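Comments concern the structure below.
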Amino acid sequence: IDQIAALVDGIRKNPNSRRHIINAWNVAYLPDEGKKPAQNAAEGKMALPPCHVMYQFYVANGKLSCMLTQRSGDCFLGVPYNAASVAFLTHMVAQQCGLEVGELVHSFGDLHLYSNHLEQARLQLTRAPRALPRLIIRRKPDSIFDYRFDDFDIQGYEPHPHIPAPIAV
Numbered sequence: 224i225d226q227i228a229a230l231v232d233g234i235r236k237n238p239n240s241r242r243h244i245i246n247a248w249n250v251a252y253l254p255d256e257g258k259k260p261a262q263n264a265a266e267g268k269m270a271l272p273p274c275h276v277m278y279q280f281y282v283a284n285g286k287l288s289c290m291l292t293q294r295s296g297d298c299f300l301g302v303p304y305n306a307a308s309v310a311f312l313t314h315m316v317a318q319q320c321g322l323e324v325g326e327l328v329h330s331f332g333d334l335h336l337y338s339n340h341l342e343q344a345r346l347q348l349t350r351a352p353r354a355l356p357r358l359i360i361r362r363k364p365d366s367i368f369d370y371r372f373d374d375f376d377i378q379g380y381e382p383h384p385h386i387p388a389p390i391a392v
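Residue numbers 224 to 392, in our numbering, belong to the letters of the sequence shown in order.
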């Protein structure tokens, strides 16, 4: 089942439905926790269980919002990318469905900060927030699968310097 195509089609046909959901939790492919990720993958299972489990889209007053339910979140390294990714997806789906963008709601079952990221997180907390950038989508392709890298322009993005941190799995 192509959940992305079904999502776009469902929103176009029945925007008021409460069933606009993408679900990554496929019990048949969940990994065996007693095995290493590579072994699970070699056996046709997921290497790791999905962290971002469910995306629920909601249309109200011509705006598309998305609630991401995340099973597990590495708040220093992973969550910033998760939030940016779901924001991009929401913008793309909204454009494909002729809607404005609403809100992004992000909930977690287990949000954690690894002990080897404490120093980096303390540094991050000393930084003053900067103005949010603006996402411009330059064209509307015929399909959500036809976007290209150069379709996107992020204006006003002024990041602080990179803070290196090791990835923990």
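Here a beta-carbon is modelled for each residue, glycine too, at the ideal position from N, C-alpha and C.
Nothing here was measured: the structure is a model prediction, and the numbers come from that model.
{"Item": "Would you tell me roughly how many angstroms separate the C-alpha atoms of Gly301 and Gln293, rounded to the nearest one?", "Value": "11 Å"}
{"Item": "Can you check whether the CB of Cys298 is closer than 8 Å to the CB of Leu334?", "Value": "yes"}
{"Item": "Tell me, please, which residues DSSP counts as bridged to Cys289.", "Value": "Phe280 and Leu327"}
{"Item": "Do you know how far the Cα of Arg362 is from the Cα of Phe375?", "Value": "9 Å"}
{"Item": "In angstroms with no decimal places, state the Cα-to-Cα distance between Ala265 and Pro254.", "Value": "11 Å"}
{"Item": "Which residue comes first and which comes last in the beta strand (DSSP E) that contains Ile245?", "Value": "His243 to Asn246"}
{"Item": "My output table needs one value for Gly301: the three-state DSSP class, helix, strand or coil.", "Value": "helix"}
{"Item": "Any idea if Tyr278 is buried or exposed, counting beta-carbon neighbours within 10 angstroms, 16 or more meaning buried?", "Value": "buried"}
{"Item": "Does the separation of the CB atoms of Val316 and Val231 fall below 8 Å?", "Value": "yes"}
{"Item": "Have a look at Thr313, Leu348, Cys274 and Leu336 and flag the residue whose alpha-carbon is nearest the alpha-carbon of His243.", "Value": "Thr313"}
{"Item": "Thinking C-alpha only, which one of Ala270, Tyr380 and Arg235 is nearest Leu355?", "Value": "Tyr380"}
{"Item": "What runs of the beta strand (DSSP E), each 3 residues or longer, lie entirely inside the stretch 346-390?", "Value": "357-360 and 375-378"}
{"Item": "Throw me the rounded Cβ distance for the Ile234 and Val282 pair, which I believe falls under 8 Å.", "Value": "7 Å"}
{"Item": "Roughly how many whole angstroms lie between the Cα atoms of Pro303 and Asn237?", "Value": "31 Å"}
{"Item": "Are the CB atoms of Ala306 and His329 nearer to each other than 8 Å?", "Value": "yes"}
{"Item": "Express the C-alpha separation of Met290 and Ile390 in angstroms, rounding to a whole number.", "Value": "26 Å"}
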